[in-house]
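Asks: Just so it is clear: in the sequence shown, position 98 is 98 by our numbering, and no numbers are missing. Beta carbons: idealized from backbone N, C-alpha and C, even for Gly. Source: prediction; values computed, not measured.
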Amino acid sequence: MEDQQDIMVEGVTAFAPSPAASYRYVIELKGSKMSIRMEDRTSKKQWYKCDMAKTDYVSTANAIPDATVADYVKRKLYTLNGGSRRLELAVKIRVLRSTWMAKYTFDLDPVSVERIDILESKLHDQQDEVEKLRSDLLNGPSPQHVQLEASTKDAQLRLLWKSIDSVGFVVNGSDGVVKVCDSGLYTMSAIINSAPGSFQHKAQLLVNGKSVQSVYCNCSYTGGNQKTTSLSFTTALSEGDEVAVQCDSNLFDTSYLSIVRVGN
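#1: Could you check the C-alpha separation between VAL262 and ASP253 for me, to the nearest Å?
#2: In angstroms, rounded to a whole number, what distance separates the CA positions of SER232 and VAL215?
#3: How about GLN226 and ASP182: do their beta carbons lie closer than 8 Å?
#4: Which one or two residues does DSSP pair with CYS217 in a beta bridge?
#5: On the three-state DSSP scale, how would you describe GLN156?
#6: Pull up the distance between the alpha-carbon of VAL243 and that of VAL178, whole angstroms please.
#7: Grab me the residues of ASP109's own chain with a C-beta within less than 8 Å of its C-beta, minus the 5 sequence neighbours each way, in chain order.
#8: Just checking LEU133 against the ligand HEM - is the residue's beta carbon closer than 7 Å to any of the ligand's heavy atoms?
#9: What three-state label does DSSP hand GLU114 in the structure shown?
#10: I need the DSSP call for ARG97, collapsed to helix, strand or coil.
#11: Secondary structure at GLN246, three-state DSSP: helix, strand or coil?
#12: Return the residue from the list THR187, ASP40, VAL12 and MET8 that minimises the CA-CA distance to VAL111.
#13: Have a look at LYS44 and LEU138 and give me their C-alpha separation to the nearest angstrom.
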């Protein structure tokens, strides 16, 4: 008979919905002998059973002659006396027109865990989290953002941002308002270019008509140069909130507004 190929499978599983404990497992088949190791990812307790021959878990009641697993495996975990754990696997088998269940039971003994093993396990958990975050960053949607331009104001001194099609924002180009479509944490940055003037003017960032940040821009005629003023503010916004920029100086050329959703 051809020797069974060595196999090792590892992963993370849970036997009940969150916040129940999750377990890291390693199932290894080596030299026709199977071993199972489980670890509680919170307490770091471990259980282990090794050198199991096929006859240790397969009997005439659950042997599968000439069949392939077609559906799924159900598993349960029971606590035994002395801190042991019983892992029960139930496999639903379909052979031709027949369907039956095969159950396999493994009693796992508790393992004494050294501090270095606990540290290694915690590092493994951190590595899993880093990989998950990396996957989320690579595969997740791009942050919602909008870049706007304005060169005129309305009667309320609000900069009139040009209309633009954008995911997550509504800009109609007629009232100077940028409406937010999704709740979250947003960063808003504005650059206002003002023409020279004889008074000290003020620029404000408005959320729902209320000033959340204001700066004074000295646009005196000295040198005859225009003045650039910056506004930047990060805050939580709700769906339907309205953002606007107000400035009482005369505009020079083009001003800009950038809004980026940086978190939930």
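Replies: This is what the structure holds:
#1: Looking at the two C-alpha atoms, the distance is approximately 29 Å.
#2: 10 Å
#3: no
#4: HIS201
#5: coil
#6: 5 Å
#7: TRP47, TYR48, LYS49 and SER84
#8: The ligand HEM is not among the ligands present in this structure, which contains no ligands whatsoever.
#9: coil
#10: coil
#11: strand
#12: The closest CA to that of VAL111, considering only THR187, ASP40, VAL12 and MET8, is found on ASP40.
#13: 30 Å
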